[in-house]
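For reference, the structure discussed in these notes is given below.
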Amino acid sequence: MLYLFKRIPKKFIFLSVFFAFIQGFFELILPTITASLVDQAIIPRDMSALRFISVKMIIVTLLIVSSAMLNIWFASKASQNLGQDLRNHLYHKVQKLAKDDLDAFGTASLINRSSTDIMQIELTTMMVLRMFLLAPALLLFALIMAIHSSLALSQTYLVTIPIIVISLGVILYFSAPYFRVMQGKLDQMNLIYREGLTGVRVIRAFNKNEYEAERFKASNLDYRDTAIAVNIRIAFLMPILMTTLNLSIVFINWLGAHLVSMQQLDLGAIISFVSYTGIMGVSFQFIALMFVLIPRAQVSAGRIVEVLVTPEKIHSPKSRGYLFSKDEETRLDFNHVNFAYDGAASPVLKDIDFHLTANQSLGIIGGTGSGKSTLANLIFRFYQVKDGKILINNLPIEHYNLKNLRDHIAYVPQKANLFSGTIRSNLAFGKAGASDEEMWRALEIAQANSFVEKLDKGLDSVVEQGGTNFSGGQKQRLCIARALLKDAEILIFDDSFSALDAQTDQKLRQALSETTQGKIILIIAQRVSTIQHADRILVLTDNGAIAGIGRHEELLREVPLYASIVSSQSKEVTE
1 MLYLFKRIPK KFIFLSVFFA FIQGFFELIL PTITASLVDQ AIIPRDMSAL
51 RFISVKMIIV TLLIVSSAML NIWFASKASQ NLGQDLRNHL YHKVQKLAKD
101 DLDAFGTASL INRSSTDIMQ IELTTMMVLR MFLLAPALLL FALIMAIHSS
151 LALSQTYLVT IPIIVISLGV ILYFSAPYFR VMQGKLDQMN LIYREGLTGV
201 RVIRAFNKNE YEAERFKASN LDYRDTAIAV NIRIAFLMPI LMTTLNLSIV
251 FINWLGAHLV SMQQLDLGAI ISFVSYTGIM GVSFQFIALM FVLIPRAQVS
301 AGRIVEVLVT PEKIHSPKSR GYLFSKDEET RLDFNHVNFA YDGAASPVLK
351 DIDFHLTANQ SLGIIGGTGS GKSTLANLIF RFYQVKDGKI LINNLPIEHY
401 NLKNLRDHIA YVPQKANLFS GTIRSNLAFG KAGASDEEMW RALEIAQANS
451 FVEKLDKGLD SVVEQGGTNF SGGQKQRLCI ARALLKDAEI LIFDDSFSAL
501 DAQTDQKLRQ ALSETTQGKI ILIIAQRVST IQHADRILVL TDNGAIAGIG
551 RHEELLREVP LYASIVSSQS KEVTE
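In full-length UniProt numbering, the protein residues as written are 1 to 575.
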């Protein structure tokens, strides 16, 4: 928690605490003024004293209100600045984490950490700056002032304060362990909810609506039961506190009335004593609230710090790093590359070795789980190579500046990802500031111009979240256009033609071959027709090894696995 507090601008902390203590100072003065009002004005019926003391009370009250408002203002500024800073840092950190780290945290958990956990920290920061230092100070000085008002009445505190402190300690001791459990169960519930939203079509197709509803219901009930267990324990706190304080005030009034009748105490002293007791009660309430909020915030802070301190496995060299040169002919080499995911029993890629130069294309084919997409991800350094080397222009990719490296590689993912906005804003991901002419040219090559031209707003047509207002084939073509607009030296198409019909697929490949001179092209595909005209084809076995590499005709003769794939798709492929 302190690690995060260091990120708050110091001026907001100072000003918030300063005005909190100004507020507390005048709150402690007010009961004394009230006592003097009773003893010096009301009882003797002195109107001039009444007017004078009333003006003092009004001024002090205004100072209390204005100090409280300024305290809240600066505490709010501090907490919201901290929340904004944490969200920014968390987002930037997540963008830099390796994919296996992202998978380890989980999308639902990361969303929860950047929303619910940060909101919990904002709330706690606000309350801490308002009351964390003020409440104990008010409690201490109110106790001193109360004892100064009447030592006899103060003896009631010998019973009430221990009861409150012991109750607070016991309740929080049994509640604190549940806070981390609650956050974990909230993560699980959000995960199920997210899966239900993203997989709604599959759920409906398999008639699993009731199953998923029951699954979410069970998780929701589990979270509810844990929350109830925590809240029941905490719920005892305020009744115990208020009952103890109210009984204390009843006893104070009874004993005070007796002392007044014995002329051992002034009426004003009783009023000020009760006021100080009330201030102590409010202070105890805020202290209790702090002890409830802070453990929760500590759990949330720990979950955020866990992400922030996770080492970045993929990063640029400590020095400036090499920069990609457009002046030399591009070359890509895989030298006996092996790769396994963390915790995996066996490698997903084994001894991958091939070499490509500019103007060459490589088709990659293999069964599901053979490591085709993983191979592409390694070029981008989404994962770190475990064994072997990947070279670009005869330099290991680890030696390149990471941003510069990725600037020169274009990627069309297996799943067509479009962002909410417009077609223009999505294409601008490939090249910021691209002209309309450049965009239409990229759309034409990607065979997307035909349907974009029919839209009322053309390039400025709206793209819904995830591109849901476009078909699968349209989304793929827009993603291809975005990659082409980047004009990178290496183009990677990860099963990017799967939603295209055979005619569009053929036209697109023909347009690519005419407009990608001087580039290296990798095409990952399930369909042989998509890659059969590549300069070379790399065939992967189910365990990630190379079954063969060569031209289509050579592989048909020499690689049984490739021949069987072609045979299974014989209706589509014309040899």
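Beta carbons: idealized from backbone N, C-alpha and C, even for Gly.
query                                                                                                                                 : result
Opening and closing residue of the alpha helix (DSSP H) in which histidine 552 lies                                                   : 552-558
For aspartate 100 and aspartate 342, the rounded distance between their alpha carbons                                                 : 7 Å
Beta carbon of leucine 459 nearer than 8 Å to that of phenylalanine 470                                                               : no
Buried/exposed call for glutamate 575, threshold 16 Cβ in 10 Å                                                                        : Residue confidence is low: glutamate 575 scores 42 on pLDDT, short of 50, so the model does not pin down where it sits. Its coordinate-derived value is still stated next. Glutamate 575 should be labelled exposed.
Reduced DSSP secondary structure (H/G/I, E/B, other) of isoleucine 390                                                                : strand
Leucine 332 classed as buried or exposed, judged by whether at least 16 other C-beta atoms fall within 10 angstroms                   : buried
Pairwise C-alpha distance: isoleucine 304 and phenylalanine 25                                                                        : 37 Å
Spatial neighbours of alanine 68 in its chain, beta-carbon cut-off 8 Å, leaving aside the 5 residues before and after                 : Phe19, Gln23
Serine 79 - containing alpha helix (DSSP H), residue span                                                                             : 47-96
Validate contact between the region 215-234 and the region 177-192 using beta carbons, cut 8 Å, 3 pairs                               : yes
Presumed contact (8 Å Cβ cut-off) between isoleucine 492 and valine 412, rounded CB distance                                          : 7 Å
Histidine 355 versus isoleucine 118: straight-line alpha-carbon distance, rounded                                                     : 48 Å
Euclidean distance between Cα positions of isoleucine 294 and threonine 124                                                           : 6 Å
Proximal residues to leucine 555 (C-beta, below 7 Å), its chain only, five neighbours per side dropped                                : Ile537, Val539, Gly548, Tyr562
Runs of alpha helix (DSSP H) wholly within the region 515-555 (minimum 4 residues, chain order)                                       : 528-531
Proximal residues to alanine 288 (C-beta, below 8 Å), its chain only, five neighbours per side dropped                                : Leu168, Leu237, Met238, Leu241
Valine 452, buried or exposed, once every other Cβ within 10 Å from all chains shown has been counted against 16                      : buried
Close beta carbons around serine 300, own chain, < 6 Å, minus the five adjacent residues each side                                    : Asp117, Gln120, Ile121
Distance CB(leucine 418)-CB(lysine 475) smaller than 8 Å                                                                              : yes
Contact between the region 262-277 and the region 37-46 (3+ Cβ pairs under 8 Å)                                                       : yes
Nearest residue (CA-CA) to lysine 403, options Ala49, Gln95, Leu362                                                                   : Gln95
Every unbroken alpha helix (DSSP H) within the region 224-263, with a cutoff of 4 residues, ordered by chain                          : 237-261
Simplified DSSP state of threonine 468, which is helix, strand or coil                                                                : coil
Reference leucine 512, options Ile58, Tyr223, Gln285, Ile531, closest by Cα                                                           : Ile531
Straight-line gap, threonine 244 to phenylalanine 284 (C-alpha atoms, nearest Å)                                                      : 11 Å
8 Å Cβ cutoff met for asparagine 71 and arginine 130                                                                                  : yes
Three-pair Cβ contact test at 8 Å for the region 375-384 versus the region 128-145                                                    : no
Span of the alpha helix (DSSP H) around lysine 372                                                                                    : 372-379
Local conformation of threonine 574 per DSSP, three classes                                                                           : Note that threonine 574 scores a pLDDT of 47, beneath 50, so its modelled location is shaky; the value from the coordinates is reported in the next line. Reduced to three states, the DSSP call for threonine 574 is coil.
Proximity below 8 Å, CB of serine 425 to CB of alanine 534                                                                            : no
Residue of Ala205, Ala137, Ser109 minimising C-alpha distance to leucine 191                                                          : Ser109
Cut-off 6 Å between Cβ atoms - residues of its own chain near phenylalanine 429, not counting five sequence neighbours on either side : Arg482
Neighbourhood of asparagine 207 by C-beta distance below 7 Å, restricted to the same chain and skipping five residues each side       : none
Separation of lysine 386 from alanine 340, as counted between CA atoms                                                                : 7 Å
Cβ neighbour criterion (16 or more within 10 Å) applied to asparagine 394                                                             : exposed
Which residues DSSP lists as bridging alanine 358, in chain order                                                                     : In the DSSP output, where bridge partners are listed per residue, alanine 358 has none listed.
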